[in-house]
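Residue numbers (the numbering used here): 5 to 279. A virtual CB, placed ideally from N, CA and C, is assigned to each residue, including glycine. It should be emphasised that the depicted structure is a prediction, and the values quoted were computed from it without experimental measurement. Remarks on the structure that follows.
Structural data, given as structure tokens:
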């Protein structure tokens, strides 16, 4: 069952409990924002709701910016996470979930700040160097890591890149989202060259029968799924000997942090991240 379908059920319960109009309206906004994140991660079914995806969303909130380009306050983050905790508790109480993943959420409080999983430049290099590029599989995995770090796009956006979305001469990817929304994300010249070589020399080895047109293919020649991207990252983290809890979102946050430290304009970063 899609999580989005359970939001009206929860909001109705809040109304029965006598919550105010503004409380219910706020909860509706928070939960729809949360489900947009889940949909972007291909994790929008009830069985996908677990502690790991909630931890990724907590980090996503930490790095989110307001319309004025300022970080969300810790108070706002805590309020939004509190709504999600109430929602997952409701799902558990109504037997939609066996366990309540919201119990794993620790609300941020001043002066403590949310622990950040950010890779240092040296750790990024270790991770990018982990795949064995002498093999087709290793080269493909390197492309996955390079695109994640170079563009800060989401896991599902990586797996959905089609060859027609790439303009390697101009140096960009066109990212297509639900509702016919799209944005253009720049690629460095170095990564463009890696991708060009991959498309010409390596990707054809993965095609098995009809070419589905996606940049990243699995061993059977089909579009790689979200779990496949996740598995590649975890395997490379292990090979690199990095002890941090690295997820696909870690690349997104690391890229954003490094760009800000290097003086990238906040508005440009917002557009790149799709905020």
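- When the Cα atoms are used, residue 258 and residue 131 turn out to be separated by approximately 12 Å.
- Under the DSSP assignment, residue 189 falls in the beta strand (DSSP E) whose first and last residues are 185-190.
- Within the same chain, no Cβ atom closer than 6 Å to the Cβ of residue 197 is found once the five residues on either side in sequence are excluded.
- Of the candidates 188, 186, 176, 189, 176 places its Cα closest to the Cα of residue 200.
- Around residue 103, the same chain offers 96 as residues with beta carbons nearer than 8 Å, after the five sequence neighbours per side are excluded.
- In the DSSP annotation of this structure, residue 138 is not part of any alpha helix (DSSP H), being labelled neither H nor E.
- Of the other Cβ atoms in all chains shown, 16 or more fall within 10 Å of the Cβ of residue 65; this residue is therefore buried.
- Under the three-state reduction of DSSP, residue 6 is assigned to strand.
- If you draw a straight line from the Cα of residue 143 to the Cα of residue 63, it is about 29 Å long.
- Taking 8 Å as the upper bound for CB-CB distance, residue 242 and residue 165 are not in contact here, some 25 Å apart.
- In chain order, 196, 199, 200 place their CB closer than 7 Å to the CB of residue 172, counting only its own chain and leaving out the 5 sequence neighbours on each side.
- Straight through space, the alpha carbons of residue 49 and residue 6 are spaced by roughly 4 Å.
- Residue range 55-67 is occupied by the alpha helix (DSSP H) that includes residue 57.
- Between the alpha carbons of residue 210 and residue 138 lies a distance of about 15 Å.
- Note that the C-beta distance between residue 61 and residue 91 is not below 8 Å.
- Within the same chain, 224, 225 come within 7 Å of residue 212 by CB-CB distance, once the 5 residues on both sides are set aside.
- In the DSSP assignment, residue 180 falls within the unbroken beta strand (DSSP E) covering 176-181.
- By the criterion of at least three beta-carbon pairs nearer than 8 Å, the region 119-128 is in contact with the region 245-257.
- When only Cα atoms are considered, residue 227 and residue 233 end up about 11 Å apart.
- The distance from the Cβ of residue 18 to that of residue 28 is about 5 Å, consistent with a contact at the 8 Å cut-off.
- Per DSSP, the continuous alpha helix (DSSP H) segment holding residue 83 begins and ends at 78-97.
- Partner residues in a beta bridge of residue 226, as assigned by DSSP, do not exist.
- Here DSSP, grouped into helix, strand and coil, assigns residue 170 to strand.
- The Cβ-Cβ distance between residue 161 and residue 148 does not fall below 8 Å.
- In the structure shown, residue 112 adopts coil according to DSSP, grouped into three states.
- Counting the other Cβ atoms within 10 Å of the Cβ of residue 84 gives 16 or more, which makes it buried.
- If you ignore the 5 residues before and after residue 221, its C-beta comes within less than 8 Å of the C-beta of 144, 207, 210, 211, 227, 228, all in its own chain and listed in chain order.
- Secondary structure at residue 49: strand, using DSSP grouped into helix, strand and coil.
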